[in-house]
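Undergrad: My questions all concern the structure below.
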Amino acid sequence: MAQVILKDIRKTFGKVVAVDDFSLEIKDREFMVFVGPSGCGKTTTLRMIAGLEDITAGEIYIGDRLVNLVPPKERDVAMVFQNYALYPHMSVFDNMAFGLKLKKVPKKDIELRVKKTAQILGISELLRRKPKALSGGQRQRVALGRAIVRIPRVYLFDEPLSNLDAKLRIHMRLELKKLHESMQRTSIYVTHDQIEAMTMGDRIVVMKDGLMQQVGEPLELYFRPNNRFVAGFIGSPTMNFIRAHIDGTSGGLTVKSQGLTLPVLPEKTKALAPYKNKEVILGIRPDDLSAGKSLQEKGAIEATVLVVQPVGNQIYLDVKIGDHNFLASVDAQTNVKSHQKFILRAQLKNLQFFDPVSEKAIR
Amino acid sequence: MEQRSTEKLIRFYLPLALFLLFLLFPFYWMLVTTFKSDVELYDLSLSPFYIYTWSLTNIEHLIFGTPFLRWLYNTLLVSIISAFISLATSLLAAYGIQRIRFRGSNFTGIAIFFCYLVPPTILFIPLATMVFKLKIWDSLMSLSLIYPTFLIPFCTWLLMGYFKSIPKELEECAMMDGASRLWVFFKVIIPLSLPGILSAGIFAFTLSWNEYLYALTFISSSAKKTVSIGLVTELVRGDVYHWGPLMAGALLGSVPVALVYSFFVEYYVAGMTGALKE
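Here the protein sequences come in this chain order: U and L. Residues in the first sequence are numbered consecutively from 0, following numbering that gives the first Met the number 0. Residues in the second sequence are numbered consecutively from 0, following numbering that gives the first Met the number 0.
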């Protein structure tokens with residue numbers, strides 16, 4: 000068992016608080032992703048787990064062992080760094096064998112394990128080369144190989160794909176996921192890319208300014224974000240936010256803003272009742288705005304198209320609704336031109352409401 | 000095309016040629032003077048730029064008439080020992096200041112730098128007292144121990160710059176792989192800093208080789224002199240300059256340094272630019 004438990008972790012650099020009040024239980028064999036904008040404390044948290052950074056307060060357990068004061072080499076974790084951190088003066092083989100040699104694994108076993116790992120990663124023919132003779136993708140594989148050949152209890156990944164080009168990144172994403180499934184080890188993965196987080200993570204931790212915003216499964220974050228930040232961070236293109244007013248009518252509640260009136264579905268009425276005649280922040284994902292047929296439809300909004308951006312499988316529309324700029328993602332077959340009036344239909348069940356002050360989700 | 004090559008000639012080769020002339024002329028002068036006989040040297044009717052009849056008398060006089068070979072050996076010994084002491088100390092100091100980041104590491108770095116700023120012309124006074132009290136006056140030991148006082152600050156700063164260019168992740172990764180800090184230092188840091196270490200070493204060696212003031216102050220017996228003071232104290236007698244042997248000594252004395260530089264010039268450049276190429 001190698002679960003990783005973080006209890007009330009806090010880290011300060013001088014007066015700057017990098018991570019605060021961070022508690023999390025990462026289950027054995029789970030693939031956990033830390034995601035957030037740069038400077039949110041995700042890498043610092045990872046480095047604390049690795050033992051590369053002291054913990055100001057709190058406790059970290061790996062397996063059942065409290066590791067606060069355990070040096071990195073005794074934690075039995077392996078880390079893949081963003082810049083790969085390959086030893087430039089050693090061949091690929093020696094890079095991969097480095098950890099095993101230190102552990103005094105017999106020479107024969109080292110050779111066997113390195114070769115097997117190289118085979119899994121498709122770098123068998125590169126073993127004699129030096130890192131400088133490798134492409135970015137190959138270096139990435141060697142860095143991965145160096146981590147997995149040791150078979151540690153926990154893998155730590157610090158933005159391992161961010162130096163690769165877009166195409167290779169998608170490919171490596173898939174490989175990493177496959178690798179995780181075959182290795183069956185606890186993995187913690189740091190990234191600033193929410194798509195990487197969504198596609199790879201069993202669970203995701205969203206962080207901002209050193210604080211955990213939400214932890215959950217990818218779709219949970221997507222459909223039930225805890226606050227405005229998570230709602231805006233997860234999902235691409237980004238969710239539209241506007242200030243809106245909750246009105247009470249005989250038939251229930253409606254949410255109103257300039258140029259748009261939408262009914263509130265009955266299941267959300269209860270949560271929104273305290274906000275009757277008050278302001279809220281309304282969030283609508285671009286994907287939840289599709290082409291509508293008539294203004295009489297439920298959820299129909301009249302919009303003026305500003306810019307049409309076809310991306311192939313979809314068309315992104317920059318539209319104006321009242322005074323607000325919105326982004327809608329409509330079907331690729333939709334016939335639409337800039338500057339025309341256009342009817343959009345909002346997916347009412349996916350509307351998100353946030354408190355205007357605390358920005359927490361209302362539900 | 001024509002115009003560009005003319006432009007290159009004027010803007011590049013011409014200044015380069017002038018510069019080379021300026022730098023190399025003293026060596027040429029030394030060479031010419033070395034291989035002339037005194038008769039030819041002092042005959043003002045002859046051009047001073049040519050050697051009309053080659054002669055080895057100056058070299059002969061230098062080698063057999065003075066303890067020049069002894070001085071050469073002394074200089075070599077002192078330079079190697081002080082370069083070695085300085086390198087060993089600076090490696091540890093630079094690594095500690097740059098990477099261990101202990102409380103006061105920045106201050107230590109700056110303090111070491113300040114040592115470098117104290118001019119030897121002032122420093123030799125207290126050093127003289129120390130050398131005297133340690134009873135190492137007039138010995139090569141005194142120089143071997145004193146040269147590091149200006150070599151260590153220099154080497155430490157050079158190596159600090161070099162260590163800075165080595166990604167921290169390399170060390171972190173090694174430590175997670177199970178290496179101790181000492182192991183990381185010897186197996187990762189040192190191999191990667193070879194260019195930096197070499198240039199620091201060359202610098203230390205050259206500075207010791209050329210050192211004049213301390214050698215002049217602390218060494219008095221002829222057999223313990225280094226080349227730089229030996230030549231001027233033994234070949235300039237009052238106002239009589241033995242130009243021939245003097246130039247021969249200067250020429251032979253600069254050969255080892257020139258050799259060291261030419262062998263390691265590539266590392267030296269890499270070390271000074273501090274670039275670690277993956």
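Yeah, the Cβ is synthetic: ideal placement off N, Cα and C, and Gly gets one too.
When you compare the CB positions of L:Ala178 and U:Lys72, do they come within less than 8 Å of one another, or not?
TA: Yes.
Undergrad: Please report the distance separating the alpha-carbon of L:Phe185 from that of U:Arg112.
TA: Spanning the two alpha carbons is a distance of roughly 26 Å.
Undergrad: Count the CB pairs spanning the region 138-146 of chain L and the region 208-222 of chain L that are closer than 8 Å, and state whether there are at least three.
TA: The region 138-146 of chain L, when compared against the region 208-222 of chain L, does touch it at the 8 Å Cβ threshold.
Undergrad: Roughly how many angstroms separate the alpha carbons of L:Ile17 and L:Val268, rounded to a whole number?
TA: Going by the sequence as given, residue 17 of chain L is Leu instead of Ile. Approximately 23 Å, taken between the alpha carbons.
Undergrad: Mind listing which residues of the region 62-88 of chain U have their C-beta closer than 7 Å to chain L's C-betas, in chain order?
TA: Going along the region 62-88 of chain U in chain order, one finds Pro71, Lys72, Val76, Ala77, Met78, Phe80, Asn82, Ala84, Tyr86, Pro87 and His88 with a Cβ nearer than 7 Å to chain L.
Undergrad: Does any residue of chain U have a CB that is nearer than 8 Å to the CB of L:Leu158?
TA: With 8 Å as the cut-off, L:Leu158 does not count as an interface residue toward chain U.
Undergrad: Using the rule of at least 16 other Cβ atoms within 10 Å of the residue's Cβ for burial, across every protein chain shown, is U:Ile59 buried or exposed?
TA: Burial call: buried.
Undergrad: What residues in its chain sit with their C-beta under 7 Å from that of L:Leu68, if we drop five residues either side in the sequence?
TA: Excluding sequence neighbours, L:Leu68 sits near Ile62.
Undergrad: Mind pulling the alpha helix (DSSP H) runs of 4 or more residues that sit fully within the region 232-291 of chain U?
TA: Segments of the alpha helix (DSSP H) lying fully in the region 232-291 of chain U: 265-271.
Undergrad: If you scan the region 121-156 of chain U from start to end, which runs of the alpha helix (DSSP H) of 4 or more residues do you find wholly inside it?
TA: For the region 121-156 of chain U, whole alpha helix (DSSP H) runs of length 4 or above, ordered along the chain, are 135-147.
Undergrad: With DSSP as the reference, label U:Thr55 as helix, strand or coil.
TA: The answer is coil: DSSP assigns U:Thr55 none of H, G, I, E or B.
Undergrad: Report all residues from its chain with a CB closer than 8 Å to the CB of U:Gln137; omit the five preceding and five following residues, and keep chain order.
TA: Cβ neighbours of U:Gln137 beyond the five flanking positions: Ile122 and Leu125.
Undergrad: If the cut is a Cβ gap below 7 Å, which residues of chain U does L:Cys172 touch?
TA: Under the 7 Å cutoff, chain U gives Met78, Phe80 and Ala84.
Undergrad: Whose Cβ in chain B lies nearer than 7 Å to the Cβ of L:Ala92?
TA: No chain B is present in this structure, whose protein chains are U and L.
Undergrad: How is the alpha helix (DSSP H) around L:Ile79 delimited, first residue to last?
TA: Looking at the DSSP string, the run of the alpha helix (DSSP H) that includes L:Ile79 is Phe67 to Tyr94.
Undergrad: Would you please verify whether the beta carbon of U:Ala49 is less than 8 Å from any beta carbon of chain L?
TA: Output row for U:Ala49: interface = yes.
Undergrad: State the beta-bridge partners of U:Pro36 as determined by DSSP.
TA: DSSP output for U:Pro36 lists no bridge partner at all.
Undergrad: What does a CB cutoff of less than 8 Å around U:Val335 pick up in its chain, not counting 5 residues either side in sequence?
TA: Counting only Cβ-Cβ distances below 8 Å, and skipping sequence neighbours, we find Ala290, Val304, Val307, Ile314, Leu316, Val329 and Phe341.
Undergrad: Identify each residue in the region 249-281 of chain U for which the Cβ-Cβ distance to at least one residue of chain L is less than 8 Å, and report them in chain order.
TA: Cβ contacts with chain L come from no residue of the region 249-281 of chain U.
Undergrad: Is the Cβ of U:Phe97 closer than 8 Å to any Cβ of chain L?
TA: Taking Cβ atoms only, chain L reaches closer than 8 Å to U:Phe97, which makes this a yes.
Undergrad: Taking three-plus beta-carbon pairs below 8 Å as touching, is the region 38-53 of chain U in contact with the region 7-27 of chain U?
TA: Yes: the two stretches touch, three or more of their Cβ pairs being nearer than 8 Å.
Undergrad: Whole angstroms is fine: what's the gap from L:Tyr12's alpha carbon to U:Arg168's?
TA: Each residue's Cα considered, the two are about 49 Å apart.
Undergrad: Here's the rule: buried if 16 or more other CB atoms are within 10 angstroms of the residue's CB, otherwise exposed. What is U:Ser249?
TA: With fewer than 16 other Cβ atoms within 10 Å, it is exposed.
Undergrad: Comparing the C-beta of L:Met246 with each C-beta of chain U, is any distance below 8 Å?
TA: No, its Cβ sits nowhere closer than 8 Å to a Cβ of chain U.
Undergrad: Using the three-state DSSP reduction, which class does L:Val259 fall into: helix, strand or coil?
TA: Three-state result, L:Val259: helix.
Undergrad: If you pair each beta-carbon of the region 154-164 of chain L with each one of the region 243-254 of chain L, do three or more pairs fall below 8 Å?
TA: Output reads no: the region 243-254 of chain L does not touch the region 154-164 of chain L.
Undergrad: For chain U, is any of its Cβ atoms less than 8 Å away from the one on L:Glu277?
TA: In this prediction, L:Glu277 has a pLDDT of 43, which is less than 50 and means its spatial position is unreliable; what the coordinates show is noted afterwards. Output row for L:Glu277: interface = yes.
Undergrad: Have a look at U:Phe97 and L:Asp176 and give me their C-alpha separation to the nearest angstrom.
TA: Rounded to the nearest angstrom, the two C-alpha atoms are 7 Å apart.
Undergrad: Apart from the five residues on each side of it in sequence, which residues of its chain come closer than 8 Å, Cβ to Cβ, to L:Glu277?
TA: Unreliable placement is indicated for L:Glu277, whose pLDDT of 43 sits below 50; the coordinate value is still reported in the next sentence. Nothing meets the Cβ criterion.
Undergrad: Since U:Lys166 meets chain L, which of its residues come closer than 8 Å, beta carbon to beta carbon?
TA: Those do not exist, as U:Lys166 stays about 23 Å from chain L at its closest Cβ, beyond 8 Å.
Undergrad: Could you please tell me which residues of the region 97-111 of chain U, in chain order, have their CB closer than 7 Å to any CB of chain L?
TA: So the close ones are Phe97, Gly98, Leu101 and Lys102.
Undergrad: Under the DSSP definition of a beta bridge, which residues are partnered with U:His323?
TA: Paired residues: U:Ile320.
Undergrad: Taking C-beta pairs closer than 9 Å, name the residues in chain U that L:Ala178 reaches, listed in chain order.
TA: Going along chain U in sequence order, the residues near L:Ala178 (Cβ under 9 Å) are Lys72, Phe97, Gly98 and Leu101.
Undergrad: For U:Val153 versus U:Leu45, is the C-beta spacing smaller than 8 Å?
TA: Against a cut-off of 8 Å, the Cβ pair of U:Leu45 and U:Val153 comes out as no contact.
Undergrad: Does DSSP put U:Ala299 in a helix, in a strand, or in coil?
TA: U:Ala299: strand per DSSP, three-state reduction.
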